[in-house]
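Engineer:
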Amino acid sequence: MNTAKALLIGCDHAGYQMKEVIKEYLTALGHAIEDVGTDSETSVDYPDYGNRLARQIVDGRYDRGILICGTGIGMSMVANRYPEIRAALCNDLFSAIMCRRHNDANVLVMGGRVIGTELAKEIVRAWLDTPFECGRHQNRLDKFCEM
Ligand code: RB5
30 MNTAKALLIG CDHAGYQMKE VIKEYLTALG HAIEDVGTDS ETSVDYPDYG
80 NRLARQIVDG RYDRGILICG TGIGMSMVAN RYPEIRAALC NDLFSAIMCR
130 RHNDANVLVM GGRVIGTELA KEIVRAWLDT PFECGRHQNR LDKFCEM
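Reading the sequence shown from the start, the letters are residues 30 to 176 in the working numbering.
1) Which residue's Cα is closest to the Cα of His60: Ala108, Ile95, Asp41 and Gln85?
2) Answer yes or no: do Gly101 and Gly140 have a C-beta to C-beta separation smaller than 8 Å?
3) Quick one: measure Cβ to Cβ for Cys119 and Asp41, integer angstroms, because I've assumed they're closer than 8 Å.
4) Does DSSP put Gly39 in a helix, a strand or coil?
5) How would you label Met104, buried or exposed, when you count the other beta carbons within 10 angstroms and need 16 or more for buried?
6) Pull up the distance between the alpha-carbon of Asp171 and that of Tyr75, whole angstroms please.
7) Might you give, ordered along the chain, the residues of its own chain that have their beta carbon closer than 8 Å to the beta carbon of His166, omitting 5 neighbours on each side?
8) Tell me whether Leu96 sits in a helix, a strand or coil according to DSSP, three-state version.
Here it is, written out as structure tokens:
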């Protein structure tokens, strides 16, 4: 797996249960995980946690992160407000693989109310294990900087 630094994980109340499962799964695989919260199913505002995670990647303290909310949509919107973040909402395995190969996604987002935890584990594993293909895809990512 290509995580040079610890992996960040964050969620809102709707993603809390899935976050706990994924944390345990990744820890068992030997990953160092830093959890930015939230820490319960008490209702919170997803932008607070999406921002907390995204800022630490923008600052260079971490390379990659995982965000979970109810649908994954809100967290994706928040994370993608930062030019340095390429957050991909992946509620299926194919997207998880392709967002690494073609988009070099540095944040994986999932919907805790959309998919089950077993699929979420497979998605996370595929996202972590799949390298970026560079080449023409790097040219395309370079164009993000012109926006
Ligand atoms: C919380 O109810 C829900 O709106 C949130 O988890 C997320 O799905 C937003 O996009």
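Quick reminder that beta carbons are idealized off the backbone N, C-alpha and C, glycines included.
Structural biologist: The relevant details are as follows:
1) The residue labelled residue 60 in the question sits at position 31 within the sequence shown. Answer by Cα proximity: Ile95.
2) Taking the sequence shown and counting its residues from 1, the one referred to as residue 101 is at position 72. Taking the sequence shown and counting its residues from 1, the one referred to as residue 140 is at position 111. For Gly101 and Gly140, yes; Cβs fall inside 8 Å.
3) For this step, residue 119 is matched to residue 90 along the sequence shown. For this step, residue 41 is matched to residue 12 along the sequence shown. The Cβ separation is near 18 Å, so there is no contact.
4) Within the sequence shown, numbered from 1, the residue matching residue 39 stands at position 10. DSSP, read as helix, strand or coil, puts Gly39 in strand.
5) Position 75 of the sequence shown, counting from 1, holds the residue named residue 104. Burial call: buried.
6) The count along the sequence shown starts at 1 and reaches residue 171 at position 142. The count along the sequence shown starts at 1 and reaches residue 75 at position 46. Answer to the nearest angstrom: the Cα atoms are 29 Å apart.
7) Residue 166 sits at position 137 when you count from the first residue of the sequence shown. So the list reads Arg130, His131, Asn132 and Asp133, once near-sequence residues are dropped.
8) Taking the first residue of the sequence shown as position 1, residue 96 is located at position 67. Leu96: strand per DSSP, three-state reduction.
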